[in-house]
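Participant: Numbering (full-length UniProt numbering), first residue to last: 1 to 217. All residues carry an ideal CB built from backbone N, CA and C; glycine is no exception. In this text the structure is predicted, and so the values were computed from the model without any measurement.
1) Output the boundary residues of the alpha helix (DSSP H) element that contains residue 90.
2) As a quick exercise: from 114, 70, 198, pick the residue whose alpha carbon is nearest that of residue 83.
3) What residue does the beta strand (DSSP E) around residue 101 start on, and which one ends it?
4) Going residue by residue through the region 150–183, where are the continuous alpha helix (DSSP H) segments of at least 4 residues, counting only ones entirely within it?
5) May I have the straight-line CA-CA distance separating residue 197 from residue 97, to the nearest angstrom?
6) Classify residue 221: buried if its beta carbon has 16 or more other beta carbons within 10 angstroms, exposed otherwise.
7) In three-state terms, what does DSSP make of residue 86?
8) With a cut-off of 8 angstroms on the beta carbons, I'd call residue 91 and residue 77 a contact; round off their distance for me.
9) Pull up the distance between the alpha-carbon of residue 27 and that of residue 170, whole angstroms please.
10) Count the other CB atoms within 10 Å of the CB of residue 193; is the residue buried (16 or more) or exposed (fewer)?
11) Any Cβ of chain D within less than 8 angstroms of the Cβ of residue 165?
12) Report the CB separation of residue 112 from residue 60 in whole angstroms; it is logged as a contact under 8 angstroms.
13) For residue 81, does the three-state DSSP call read helix, strand or coil?
14) Starting from residue 61, trace the alpha helix (DSSP H) in both directions and tell me its first and last residue.
15) Pull up the CB-CB distance for residue 73 and residue 140, whole angstroms please, since I reckon it's below 8 angstroms.
16) Could you check which residue in 31, 157, 125, 149 has the C-alpha nearest to that of residue 55?
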């Protein structure tokens, strides 16, 4: 083959790029990443600036409650309010286990919920997140997942790395990182077995060694 023809063929070949490490390398297959504190801050600021009352309340509640998506979207107004005020502590029944789980509602979330509950869109709704589709009384898990995708895209994150379980993991990941208290995380997630909590957090030997290194005796 002539030298000129060889050069022409080489020029048409796609450039070779070094392989990139997958975002979930070293993690359990299918496990979604928790949001980092800076991501939580960015999203809160963005939702506040756009005055998106529903999404701000939904986002804050997802972080605080640590509920599965199906349980979060099914919350009713009276689950989180008493005597016209948002509670500091609330509970919900887990659809997976049928067992109750308690959670805190921080001041930031309470303020967002109070504004949302007073919004005209909430008039006559018994559910905390009424559906904008007439066929459903409340936001569906699929709609929630699409909303979450929009959130992570808005701050430049890769949407395939995040899902509704990212919101459930976000706060407990920080609790475990700062305290190493798996029992506390187990109670907050409503897990019946510690093994489930260990797998859910993706705790491995390296995590245990890092915690151990922080204890100087």
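Facilitator: Taking the geometry as given:
1) Indexing the chain shown from 1 puts residue 90 at position 90. Unbroken run through residue 90 is the beta strand (DSSP E), 89–93; no alpha helix (DSSP H).
2) Position 83 of the chain shown holds residue 83. Comparing Cα positions, the closest option is 114.
3) Stepping through the chain shown from its first residue, residue 101 is reached at position 101. Counting along the chain, the beta strand (DSSP E) containing residue 101 begins and ends at 100–104.
4) 164–179
5) The residue given as residue 197 occupies position 197 in the chain shown. The residue given as residue 97 occupies position 97 in the chain shown. Spanning the two alpha carbons is a distance of roughly 15 angstroms.
6) There is no way to answer for residue 221, as the model of the chain reaches only from 1 to 217.
7) Residue numbering aside, residue 86 sits at position 86 when the chain shown is read from its first letter. Strand.
8) Here the question's residue 91 lines up with position 91 in the chain shown. Here the question's residue 77 lines up with position 77 in the chain shown. 15 angstroms between Cβ atoms; not a contact.
9) Indexing the chain shown from 1 puts residue 27 at position 27. Indexing the chain shown from 1 puts residue 170 at position 170. Bear in mind that the predicted position of residue 27 carries a pLDDT of just 47, short of 50, making it too unreliable to give a figure here.
10) Position 193 of the chain shown holds residue 193. Classification of residue 193: exposed, given that the 10 Å Cβ count is below 16.
11) In the structure shown, chain D cannot be found, because there is only a single protein chain.
12) Against the chain shown, residue 112 aligns to sequence position 112. Against the chain shown, residue 60 aligns to sequence position 60. That belief holds up - the Cβ atoms of residue 112 and residue 60 are roughly 5 angstroms apart, short of 8 angstroms.
13) Stepping through the chain shown from its first residue, residue 81 is reached at position 81. Here DSSP, grouped into helix, strand and coil, assigns residue 81 to strand.
14) Residue numbering aside, residue 61 sits at position 61 when the chain shown is read from its first letter. 53–65 is the span of the alpha helix (DSSP H), which, as asked, contains residue 61.
15) As a working note, residue 73 is residue 73 in the chain shown. As a working note, residue 140 is residue 140 in the chain shown. Right, the Cβ-Cβ distance comes to about 7 angstroms (below 8 angstroms), so this counts as a contact.
16) Start at 1 with the first residue of the chain shown, and residue 55 comes out as number 55. Comparing Cα positions, the closest option is 149.
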